[in-house]
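**Student:**
In our numbering, the protein residues as written are 10 to 982.
1) Give the straight-line distance between the Cα atoms of residue 454 and residue 462, rounded to the nearest whole angstrom.
2) Among 654, 644 and 774, which residue has its Cα nearest to the Cα of residue 636?
3) Based on DSSP bridge pairs, tell me the residues matched to residue 508.
4) Going along the chain, which residues of its own chain have a beta-carbon closer than 6 Å to the beta-carbon of residue 408, five neighbours each way excluded?
5) For residue 804, is the classification buried or exposed, using 16 other Cβ atoms within 10 angstroms of its Cβ as the cut-off for buried?
6) Could you check what DSSP says for residue 776 in three-state terms: helix, strand or coil?
7) Just list the alpha helix (DSSP H) runs in the region 803-868, keeping only unbroken ones of 4 residues or longer that don't cross its boundaries, in chain order.
8) Can you look up residue 996 in the DSSP assignment and give me helix, strand or coil?
9) Are residue 521 and residue 592 close, meaning C-beta to C-beta below 9 Å?
10) Does DSSP put residue 396 in a helix, in a strand, or in coil?
11) Since residue 426 is in the beta strand (DSSP E), which residue starts that stretch and which ends it?
12) Would residue 824 and residue 777 be called neighbours here (beta carbons separated by less than 9 Å)?
13) Just reading off the alpha helix (DSSP H) that residue 654 is part of, what are its end residues?
14) Could you tell me the distance, in whole angstroms, from the CA atom of residue 289 to the CA atom of residue 391?
15) At the level of alpha carbons, what is the spacing between residue 41 and residue 225?
16) Count the other CB atoms, across all protein chains shown, that sit within 10 Å of the CB of residue 222; report buried if there are 16 or more and exposed otherwise.
17) Measuring CB to CB, does residue 574 end up less than 9 Å from residue 481?
18) Assign residue 706 to buried or exposed, taking buried as 16 or more other Cβ atoms, counted over all protein chains shown, within 10 Å of its Cβ.
19) Using only CA atoms, which one of 852, 281 and 818 lies nearest to residue 379?
20) Count the C-beta pairs between the region 609-627 and the region 641-658 that are closer than 8 Å, then say yes if the count reaches three, no if not.
21) Please state the DSSP three-state secondary structure of residue 583.
22) Span of the alpha helix (DSSP H) holding residue 747?
23) Let me know if residue 737 comes out buried or exposed under the rule of 16 or more other beta-carbons within 10 Å of its beta-carbon.
24) Quick check: what's the CA-CA separation for residue 813 versus residue 620?
25) Output the distance between the C-alpha atoms of residue 628 and residue 663, rounded to the nearest integer angstrom.
26) Just checking, does the region 579-596 make contact with the region 665-682 on the three C-beta pairs under 8 Å criterion?
27) Would residue 716 pass as a contact of residue 675 if the rule is Cβ separation under 9 Å?
28) The alpha helix (DSSP H) that contains residue 623, what's its start and end?
29) How should residue 212 be labelled, buried or exposed, when 16 other C-beta atoms within 10 angstroms of its C-beta is the threshold for buried?
30) Under DSSP, the alpha helix (DSSP H) around residue 771 begins and ends at which residues?
31) Could you tell me which residues DSSP puts in a beta bridge with residue 789?
32) Give me the Cα-Cα distance between residue 365 and residue 377, rounded to the nearest whole angstrom.
33) Does the region 746-763 touch the region 793-807, meaning 3 or more C-beta pairs lie closer than 8 Å?
34) Please classify residue 798 as buried or exposed, where buried requires at least 16 other C-beta atoms within 10 Å of its C-beta.
35) Per DSSP, which one or two residues make a beta bridge with residue 729?
36) Have a look at 741, 746, 452 and 276 and flag the residue whose alpha-carbon is nearest the alpha-carbon of residue 387.
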């Protein structure tokens, strides 16, 4: 007989959920049948019909020994023939209940269960039987049911499964083993026990749920990631060792070279003095902690929050930030290099943790304070205290300590002496440090309230190889590399670079000699206190290339730390006025009454005349020494630097356009106080000397501008390491605008306030300027080959406050036409002595030689036609040397220097190639109807008397007089 289960026949009307109907062990090859010995011979009991498919009473457990011979005999002995399952019952011979219309039950004699039961040998009668457990009901006593409802069958299956859970598990695990006596060994009840029953599958995820991982996946990933990180941490911690200190003391120097390869300086001489923590004042220690790591003594070596925050801020464009603790910074400074790499950050991470476990907090803080860079070539708190305040670190006050702590964040930018324009930012950082000290209880609020910003001293301490001009040049080169993003401060601090500049050594030496001869040699600081205020700055740029050829930063970098060539805190004065006129020509601007602005356009030069057409409020600037000029041409107004004319011109052009022209010429967009107001014409902006030299070089190059450069190449270990910015030259303003401005500025040199520039011995153009309250005097000039700007400034050496230049060199005051122009002339002459002189080739504005008069009624200072009829002698007119107030018989100005004759016709002679009609030639050769640079001649009208024409003397006008002018000094603003 086959051991495979017979196919179950469907039964109509019988619930399919009952145990037997679903495939009980008795009916369909259960584990019990599989484990019965097939060697046993069949017995008569096997041939007896058995109700294999009869459902049992719900909830009654089946006997575990149903398949044993004892159970079979007991079943035969105790069966009730008259019972529901007997022969006389409705179920027929099998005893199985039949429902009308249902299919006949399968023949139980053929089922594996009954067959194997019959084959098992009988136990002899005399042999004692194994007693059955009291709790196991006999199969023969199991009540039969003719029909079980689906609900009852389900309840029966549930109860049976609960009662025989352990037996079901055992049966499922060992289907081939004989079943033990007792209920625990019985077959599992219910449909789940059968081998043919499949476990229901988990429904598939559909729709949007497929996109997201399950919680099991998320949890597993997190656990796996955590395990991986922990593993990596222990691997890294065990592999990374604390290295010896880096070779900061023997680090490579940066070498700075002139264009010809001559060495300027080396910056490898480190100014550093290590001290114990006890030799640094508590105030300074607390200040550094408040600035860099306020929880240093209580936190771990790594601040994960700060690192994540810094990384996020950097990634989101909020600026490059550091999330490092003091321990991490110390590790970077003392043990590692400065490169920004992942490898370095990983090493820093593990070394910091190890160091924090092996070294005390005090030792870490001491090392940090001795290795941090504070600027001025000072490494460590002791060197910084000497460099900035001339005291030992133990003597630092809370205010001084807070300033030095602020420097750690930005040593170059926050040095208020080297960069006075950054004073506000430095003070803000200083206040932040002090507030942190108060917050941590290191400084009382009362003491905090009384503190004032401690301005550092100007000198830089001991000479570290940067004396003379070397320090100024090196700082200017570093600033250029940093601001143009060629190299970072960290890269330069690492050292090892050879930086070849565009500076010309001969021209550099010539600049120093000119300043010494024309200014420094004439000072007497012991007898005149004003002479102690004197500072000088200069810059020379080659117009065609934009190369910076020479810089003068001050008398000595060790004595005067601020670089006067690059500082941006002194007003440029009237050296800005040419930019206003350039903008007027470039934009084809007109006066308020519709006249085109040209060199000969007439303006009202009355002192304190309110500007017209400005809606931003009343503005009436004073002229120098309150001089009234009346109607005056633009050319003459430039010669005399008339404020009233240029303030009105700025409004006529538009202050915004003037500002844009200045930027186009070369001034930085962030130049302090470069604002679009009428006062922009008077030079309220505080551009640097180098900025102004770049802008004037654009005028000299006919309006073509290329950003200036100081660097020729940068190498390391013999190879170029940085890509220098590509130099691009563009026509930022028209050639006509630039050249017409040059023609006007040539008149300033030949006949105006800058006649001292003629000593250069070659064609030149330029403009003088004086800052408000005479705190600075300027001259900005150029030849076709070189543009140079010189400034003399007044500054208190102790307080760094700006000071007026009164009584300097024993003179009442210093103006742009004095020492600055004289320095310019000597420098230019010597710097270009090997260069043949060349003249300007100008393409001037069309119609610029024509005079445009106002359309309004003549002012009270102008003679009228009625006055012209009177044959009277003109009055006196006191005026400064080199000026001209001549008029025609119709009351219009005439006879201006290089101007026109009576009636406005062009003069003959005196013109230069490419220049405007009437421009004087080199050396100030007078034109017909004009005069040389020593004086002017007034034109006369028919029938009028002619006055004497001595320098500054009286000039006659028909039937009227000019306003009385009082001049206390050469006019220069």
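Ideal Cβ placement from N, Cα and C applies to all residues, glycine included.
**Tutor:** Here's the rundown:
1) Taking C-alpha positions only, residue 454 is separated from residue 462 by approximately 16 Å.
2) 654
3) Within the DSSP bridge table, the entry for residue 508 names 265 and 723 as partners.
4) 460 and 463
5) buried
6) strand
7) Counting only runs of 4 or more, we get 828-840.
8) This structure leaves residue 996 out entirely; the chain is present only between 10 and 982.
9) no
10) helix
11) Premise fails: residue 426 is in no beta strand (DSSP E) and is neither H nor E.
12) yes
13) 652-662
14) 8 Å
15) Any reading at residue 41 is ruled out, since the residue's pLDDT is 38, under 50, leaving its predicted position unreliable.
16) Counting C-beta atoms within 10 angstroms of its own C-beta, residue 222 has fewer than 16 neighbours from the protein chains shown and is therefore classed as exposed.
17) yes
18) Its Cβ being crowded by 16 or more others within 10 Å, residue 706 is buried.
19) Checked all of 852, 281 and 818; the closest Cα to residue 379 is 281.
20) Taking a cut-off of 8 Å for Cβ pairs, the region 609-627 and the region 641-658 touch, as three or more such pairs fall below it.
21) helix
22) Here the alpha helix (DSSP H) through residue 747 covers 744-760.
23) The residue in question, residue 737, is exposed, as its Cβ has fewer than 16 Cβ neighbours within 10 Å.
24) 28 Å
25) Each residue's Cα considered, the two are about 15 Å apart.
26) yes
27) yes
28) That residue, residue 623, is in no alpha helix (DSSP H); it is neither H nor E in DSSP.
29) exposed
30) Neither: residue 771 is in no alpha helix (DSSP H) and is coded neither H nor E.
31) 776 and 798
32) A direct Cα-to-Cα measurement between residue 365 and residue 377 gives close to 13 Å.
33) With a cut-off of 8 Å on Cβ pairs, the region 793-807 is not in contact with the region 746-763, counting fewer than three such pairs.
34) buried
35) In the DSSP output, where bridge partners are listed per residue, residue 729 has 724.
36) 276
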